[in-house]
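>
Rendered as structure tokens:
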């Protein structure tokens, strides 16, 4: 399975999900959370922040989303978390100074 970066039409493809997350974190602009204002890396880490730190209702209101939008993003988050070695991602990002 390959993983494509979906940020702003980037489309760069990776063989490993960990490489895709690191790419999103280090190669794309960070975003301000529309719910709480914290600045987070775009992509998976932004989704993780949104769904771990805020309610679905807060996400829907802040991002003008609907239930299909929420479901799609939760599926992406769940698939990444079922596949990725997130400890490896954290270690690599810490080593590179990206976190």
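Residue numbers (the numbering used here): 349 to 447.
Glycine included, every Cβ here is placed at the ideal spot set by N, Cα and C.
Computed from a prediction, not measured in an experiment: that's the story for all the values here.
1) Which one of 390, 377, 410 has the shortest CA to CA distance from residue 383?
2) Given a cut-off of 8 angstroms on the beta-carbon distance, is the pair residue 440 and residue 370 in contact?
3) Here's the rule: buried if 16 or more other CB atoms are within 10 angstroms of the residue's CB, otherwise exposed. What is residue 430?
4) Less than 6 angstroms between C-beta atoms, sequence neighbours within five positions excluded: which residues of the same chain meet that for residue 361?
5) Output the distance between the C-alpha atoms of residue 447 and residue 373, rounded to the nearest integer angstrom.
According to the structure data:
1) Counted from its first residue, the chain shown places residue 383 at position 35. Of the listed residues, the one whose Cα sits closest to residue 383 is 410.
2) Along the chain shown, read from residue 1 onward, the residue named residue 440 stands at position 92. Along the chain shown, read from residue 1 onward, the residue named residue 370 stands at position 22. Yes, Cβ-Cβ distance for residue 440 and residue 370 is below 8 angstroms.
3) As a position in the chain shown, residue 430 is number 82, starting the count at 1. Flag for residue 430 reads exposed.
4) Residue mapping note: residue 361 aligns to position 13 of the chain shown, counting from 1. Correct list, in chain order: 350, 352.
5) As a working mapping, residue 447 is identified with position 99 in the chain shown. As a working mapping, residue 373 is identified with position 25 in the chain shown. So the alpha carbons of these two residues sit roughly 8 angstroms apart.
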